[in-house]
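Working notes, structure below.
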Amino acid sequence: MSVELPKTEQRREARSTVVPGGTDDLFDGPKSDVLRERLDAGLAAVETRLRAEVQYADEIADVTARYLLNAGGKRLRPMLTVLASQFGETPGSDDVITAAAAVELTHLASLYHDDVMDEAELRRGVAAAHLQWGNSIAILAGDLLFARSSLLFSELGLRAVRLQATIFERLVLGQMRETTGPAPDADRIDHYVGVLADKTGSLISAAAQFGAIISNAPEAVVAALAEYGERVGVAFQLADDVIDLQQNPATTGKLAGTDLRAGVETLPVLLLERQAATDEASRDLLERIRTRVAGVNEQPEETRASEEEISGIITELREHRVTQLTVDEAQNWVTLAVEALRPLKAGPAKNALERFAAEVVSRDR
Ligand code: FPP
Ligand code: MG
1 MSVELPKTEQ
11 RREARSTVVP
21 GGTDDLFDGP
31 KSDVLRERLD
41 AGLAAVETRL
51 RAEVQYADEI
61 ADVTARYLLN
71 AGGKRLRPML
81 TVLASQFGET
91 PGSDDVITAA
101 AAVELTHLAS
111 LYHDDVMDEA
121 ELRRGVAAAH
131 LQWGNSIAIL
141 AGDLLFARSS
151 LLFSELGLRA
161 VRLQATIFER
171 LVLGQMRETT
181 GPAPDADRID
191 HYVGVLADKT
201 GSLISAAAQF
211 GAIISNAPEA
221 VVAALAEYGE
231 RVGVAFQLAD
241 DVIDLQQNPA
251 TTGKLAGTDL
261 RAGVETLPVL
271 LLERQAATDE
281 ASRDLLERIR
291 TRVAGVNEQP
301 EETRASEEEI
311 SGIITELREH
321 RVTQLTVDEA
331 QNWVTLAVEA
341 LRPLKAGPAK
351 NALERFAAEV
361 VSRDR
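365 is the number that UniProt numbering gives the last residue of the sequence shown; the numbers go up by one with no jumps.
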């Protein structure tokens with residue numbers, strides 16, 4: 001365990017712009033200029049708020065809680081909150097910024113915990129917090145951020161607190177169901193998609209709902225955005241399954257095959273399992289993933305697969321057609337997300353939501 005700060009250079013390199021390719025990808029010409037300015041101003045205000053909130057007198061609390069915030073991140077959820085608020089009476093108000101910052105803090109909190117459970121090595125291009133300070137401090141840093149997020153939601157009234165609590169429950173249940181796996185008679189792919197909806201769809205849906213609720217948008221808008229966010233979340237997580245197979249930590253900020261190494265059977269693996277019933281090569285690859293990659297960190301060093309072998313297996317899976325099928329499935333969820341937007345008024349904000357959904361699956365990190 002170490003209490004050293006990560007190197008400044010390492011942090012600077014890891015820091016990223018808000019959305020892959022910047023917010024520019026969300027706009028479709030001069031008609032969107034006002035929206036672009038509002039979003040940029042909103043996100044700058046969220047950033048200021050986040051930095052003001054995540055400060056503690058206790059040095060270890062301060063350093064650890066700010067660690068992943070400083071390491072970068074795409075800020076997709078705050079962007080969605082600010083964007084969704086454009087459909088209400090008070091777009092980008094101070095309360096909208098508070099909600100956007102609080103959603104991001106919930107997300108950040110969950111990452112500290114997730115990296116402990118996944119035994120992840122890299123997050124946002126820096127060593128995972130538990131590798132710097134040990135599991136206990138990493139978990140407690142996540143708890144601190146969750147506490148601060150709850151405080152912010154308490155400024156926004158009972159409905160906000162209730163939504164936050166419901167989402168927290170779903171995040172935990174999703175993570176728990178992922179950990180325990182499906183019941184023996186359950187369809188493994190259905191179970192998996194349910195987990196994705198709980199552990200990622202729920203918070204992305206909440207991000208969109210908060211924007212609409214806090215800006216006093218009509219309830220039909222809140223409902224449409226809730227559905228949209230849930231579906232975008234599933235698409236996002238399926239895209240993540242593919243990103244997990246990219247051998248490019250400098251871009252992804254994560255070690256290739258983190259999920260596979262942790263024994264998480266993502267959609268490419270579940271589809272491979274289906275194909276293994278009738279295809280010998282798929283069966284062989286599945287067997288090697290399960291015996292050589294899954295749980296590799298727990299295996300004795302003498303018999304453990306080399307990094308070269310693991311990398312070869314990850315490449316085979318990435319080039320197998322199950323990975324393209326996963327990309328197609330992510331795209332199907334984007335289509336469903338866009339369909340959920342039907343009740344929303346046409347215009348630059350709706351176009352931006354459509355582009356946002358498309359970006360989520362075309363990103364490379
Ligand atoms: C990342 O999934 C994990 C999540 C989106 C949710 C994690 C939820 C919890 C740990 C419970 C909630 C806890 C708090 C404090 C709010 P992944 O491992 O598939 O993605 P990755 O590749 O980004 O790690
Ligand atoms: Mg993880």
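Glycine included, every Cβ here is placed at the ideal spot set by N, Cα and C.
- Task: Compare the beta carbon distance of leucine 151 and aspartate 95 with 9 Å and say whether it is the shorter of the two.
- Result: no
- Message: Which same chain residues end up closer than 6 Å to aspartate 364 when comparing Cβ atoms and leaving out the 5 residues on each side of it in sequence?
- Response: Thr251
- Span separating the alpha-carbon of glycine 21 from that of arginine 77: Model confidence at glycine 21 stands at a pLDDT of 43, short of 50, so the residue's coordinates are unreliable and nothing is read from them.
- Item | Cβ-based burial, arginine 261 [other Cβ within 10 Å; buried from 16] | buried
- Task: Taking the CB atoms as reference points, tell me whether leucine 255 and glutamate 59 lie closer together than 9 Å.
- Result: no
- Query: Of the residues Ala277, Val195, Ile314, which one's Cα is nearest the Cα of methionine 176?
  - Reply: Val195
- Task: Give the single residue among Pro343, Ala358, Thr303 whose Cα lies nearest to the Cα of aspartate 328.
- Result: Ala358
- From what residue to what residue does the alpha helix (DSSP H) around aspartate 58 run? Unbroken run through aspartate 58: none, as it is neither H nor E.
- Query: Ends of the alpha helix (DSSP H) at proline 348?
  - Reply: 348-362
- Task: Using 8 Å as the cut-off, classify the Cβ of aspartate 95 as near or not near the heavy atoms of the ligand MG, replying yes or no.
- Result: no
- By how many angstroms is the C-alpha of glutamine 86 removed from the C-alpha of aspartate 40? 13 Å
- Task: Kindly confirm or deny that the segment 207-224 and the segment 276-296 touch, where touching means at least three C-beta pairs closer than 8 Å.
- Result: no
- Message: Using 9 Å as the threshold, is the C-beta distance between glycine 181 and serine 202 below it?
- Response: no
- Item | 8 Å contact criterion, which phenylalanine 153 and alanine 147 should meet: CB distance rounded | Phenylalanine 153 to alanine 147, Cβ: 11 Å. No contact.
- Nearest-angstrom Cα separation, counted from alanine 183 out to glutamate 53: 41 Å
- Which same chain residues, not among the five before or five after valine 361, have their C-beta less than 7 Å away from its C-beta? Ala235, Ala239, Ala330, Gln331, Val334
- Message: Taking a contact to mean a Cβ-Cβ separation below 9 Å, would you say histidine 320 touches leucine 270 in this structure?
- Response: no
- Query: So, is valine 221 buried or exposed, given that buried needs 16 or more other C-beta atoms within 10 angstroms?
  - Reply: buried
- Within 7 Å of the ligand MG: residues by beta-carbon to any heavy atom: Asp114, Asp115, Asp118, Ala120, Thr258, Asp259
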